[in-house]
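Novice: First the structure, which I've put down as C-alpha cells, then a few questions once you've had a look.
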Amino acid sequence: MIEHMNPTADKNAAMAWSKETDRTLVVACSDPRFRKATEWFVENELGLPRFTPLFLPGGPATILLSSSIFFAVRPLVELLNGKFHFLRVIGVNHEDCAYYHHKYSKMHEDELHKKQLADLAEFKTEVHRLVDKEASIELYIAKHNEQHIYFEPIA
Numbered sequence: 000m001i002e003h004m005n006p007t008a009d010k011n012a013a014m015a016w017s018k019e020t021d022r023t024l025v026v027a028c029s030d031p032r033f034r035k036a037t038e039w040f041v042e043n044e045l046g047l048p049r050f051t052p053l054f055l056p057g058g059p060a061t062i063l064l065s066s067s068i069f070f071a072v073r074p075l076v077e078l079l080n081g082k083f084h085f086l087r088v089i090g091v092n093h094e095d096c097a098y099y100h101h102k103y104s105k106m107h108e109d110e111l112h113k114k115q116l117a118d119l120a121e122f123k124t125e126v127h128r129l130v131d132k133e134a135s136i137e138l139y140i141a142k143h144n145e146q147h148i149y150f151e152p153i154a
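This is the structure in C-alpha cells:
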C-alpha cells in the first residue's frame, strides 16, 4: 500500500522549497574525499546554497574533447543551462585525482598537476561555448594537508 505524504506537513522536509537558484553551475569531481568539502566551500565560502552540481570523476575534464565522455556531458551542461541560465560557472579539480592517475598513469605528480591546470584553462574556454556568454568562470584546485582541505583560486 502506498501512503501519500501530506503536502502541508513539514516534519519530513529537509529544506524549504524555492524555485530560485543561484544560477551557478559547479563542475567538480565526485571523489568522496573532496565532494563534501567542495559542497561546503561553494555553499559557505562562496555563499551559493542553491548551486547546480555536476559532479563526475574528473570534474571539469569531462567536458573537454579529450574526455571519453564529453559527448554525454556537454549536452547535460547545455540542458541545465537552458533551464537555469547560468551566470556563473565554477570548475574544481583536486590533487590526487583518480581520473588523472588512471588516464595519465605514466605522469609524475608534478606533471599531473600541470595537466590539471592546463585542463582547467581549457575548461574555461570550452564551457563558454556551452553557457551564456555573459557567465563568469571561476577555477579552483582543492588541496589537502594532514588535517584539512583547502581551495586555491586559479587565475
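Heads up, the sequence shown is in numbering that gives the first Met the number 0, so the first residue is 0 and it goes up one at a time. Even for Gly, the Cβ is constructed at its ideal location relative to N, Cα and C.
1. I'd like to confirm the pairing. Which residues does DSSP put opposite His-93 in its beta bridges?
2. Given a cut-off of 8 Å, decide if Tyr-98 and Ala-60 are closer than it, judged by their beta-carbon atoms.
3. What alpha helix (DSSP H) runs, 4 residues minimum, are completely inside the region 58 to 124?
4. Using the beta-carbon count (16 or more within 10 Å), is Ser-135 buried or exposed?
5. So, with DSSP's three-state summary, where would you put Glu-44?
6. Taking only the alpha-carbon atoms, compute the straight-line gap between Lys-105 and His-93 and give it to the nearest angstrom.
7. Tell me the residue span of the beta strand (DSSP E) that contains Pro-56.
8. Which residues does DSSP list as the beta-bridge partners of Pro-152?
9. For Thr-23, which of helix, strand or coil comes out of DSSP?
10. Could you please give the first and the last residue of the uninterrupted alpha helix (DSSP H) stretch that includes Trp-39?
11. Thinking C-beta only, is Leu-63 closer than 8 Å to Glu-121?
12. Look at the alpha carbon of Leu-45 and the alpha carbon of Arg-87, and state the distance between them as a whole number of angstroms.
13. If we count the other Cβ atoms within 10 Å of its Cβ and call it buried at 16 or more, is Leu-78 buried or exposed?
14. Is it true that the CB of Glu-133 sits closer than 8 Å to the CB of Ile-140?
15. For Leu-129, collect the residues of the same chain with a Cβ closer than 8 Å to its Cβ; drop the 5 residues on either side in sequence, then sort them by chain order.
Specialist: Based on what the coordinates show:
1. One-based indexing of the sequence shown puts residue 93 at position 94. Beta-bridge pairing links His-93 to Ala-141.
2. Position 61 of the sequence shown holds residue 60. Position 99 of the sequence shown holds residue 98. The answer is yes: Cβ separation under 8 Å.
3. 69 to 83, 97 to 102
4. Taking the first residue of the sequence shown as position 1, residue 135 is located at position 136. Result: exposed.
5. For the purposes of this step, residue 44 is taken as the residue at position 45 of the sequence shown. Helix, per DSSP.
6. Taking the sequence shown and counting its residues from 1, one reaches residue 105 at position 106. Taking the sequence shown and counting its residues from 1, one reaches residue 93 at position 94. Distance between the alpha carbons of Lys-105 and His-93: 19 Å.
7. Looking up residue 56 in the sequence shown gives position 57. That residue, Pro-56, is in no beta strand (DSSP E); it is neither H nor E in DSSP.
8. In the sequence shown, residue 152 corresponds to position 153, counting from 1. Pro-152 is bridged to Tyr-139.
9. Taking the sequence shown and counting its residues from 1, one reaches residue 23 at position 24. Thr-23: strand per DSSP, three-state reduction.
10. Taking the sequence shown and counting its residues from 1, the one referred to as residue 39 is at position 40. Residues 31 to 39.
11. As a first step, residue 121 is located in the sequence shown; it is residue number 122 there, counting from the start. As a first step, residue 63 is located in the sequence shown; it is residue number 64 there, counting from the start. Closer than 8 Å, so yes.
12. Along the sequence shown, one-based indexing puts residue 45 at 46. Along the sequence shown, one-based indexing puts residue 87 at 88. Near 11 Å, if we compare the C-alpha coordinates of Arg-87 and Leu-45.
13. In the sequence shown, counting from the first residue as 1, residue 78 sits at position 79. The residue is exposed, with fewer than 16 neighbouring Cβ atoms inside 10 Å.
14. Stepping through the sequence shown from its first residue, residue 140 is reached at position 141. Stepping through the sequence shown from its first residue, residue 133 is reached at position 134. Taking 8 Å as the Cβ cut-off, Ile-140 and Glu-133 do not qualify as a contacting pair.
15. Within the sequence shown, the letter at position 130 stands for residue 129. Excluding positions up to five away in sequence, the list reads Ile-62, Arg-73, Val-76, Glu-77, Asn-80.
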